[in-house]
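Student: Whatever position you read off the sequence shown (first residue = 1), add 95 for the numbering used here.
Please see the structure below; I have some questions.
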Amino acid sequence: GNADYDLEVGVLSRLSHPNIINLIGCCAYKDTEHIIVYEFMPLRTLYDQLHGN
């Protein structure tokens, strides 16, 4: 729900660590669509990064 989204964006906006990808921005549209934009990670997919491929 919206409270979870707001909490996640709030936490991510305050994090700064070399092992955590940075939050670039976010958008909530009519309480039905929630978007979180992270920085670009070149040459790898998130799956590869998480699973060591």
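No residue lacks a Cβ here, since even glycine has one placed at the ideal position from N, Cα and C.
Keep in mind that this is a model prediction, so the values were computed, not measured.
1. DSSP puts Y124 in a beta bridge; with which residues?
2. In whole angstroms, what is the alpha-carbon distance linking L145 and I116?
3. Measure the C-alpha to C-alpha separation of L102 and G147 and round it to an integer number of angstroms.
4. Give every residue of the same chain whose Cβ lies closer than 7 Å to the Cβ of C122, excluding the five residues on either side of it in the sequence, and list them in chain order.
5. Is I131 close to chain C, meaning its C-beta is less than 8 Å from at least one C-beta of that chain?
Tutor: Here's the rundown:
1. The partner list for Y124 (beta bridge, DSSP) reads E128.
2. One C-alpha to the other measures close to 12 Å.
3. A direct Cα-to-Cα measurement between L102 and G147 gives close to 29 Å.
4. If we look at C122 and ignore the five residues flanking it on each side, its Cβ neighbours are I130.
5. As a matter of chain content, chain C is missing from the structure shown, which is built from one protein chain.
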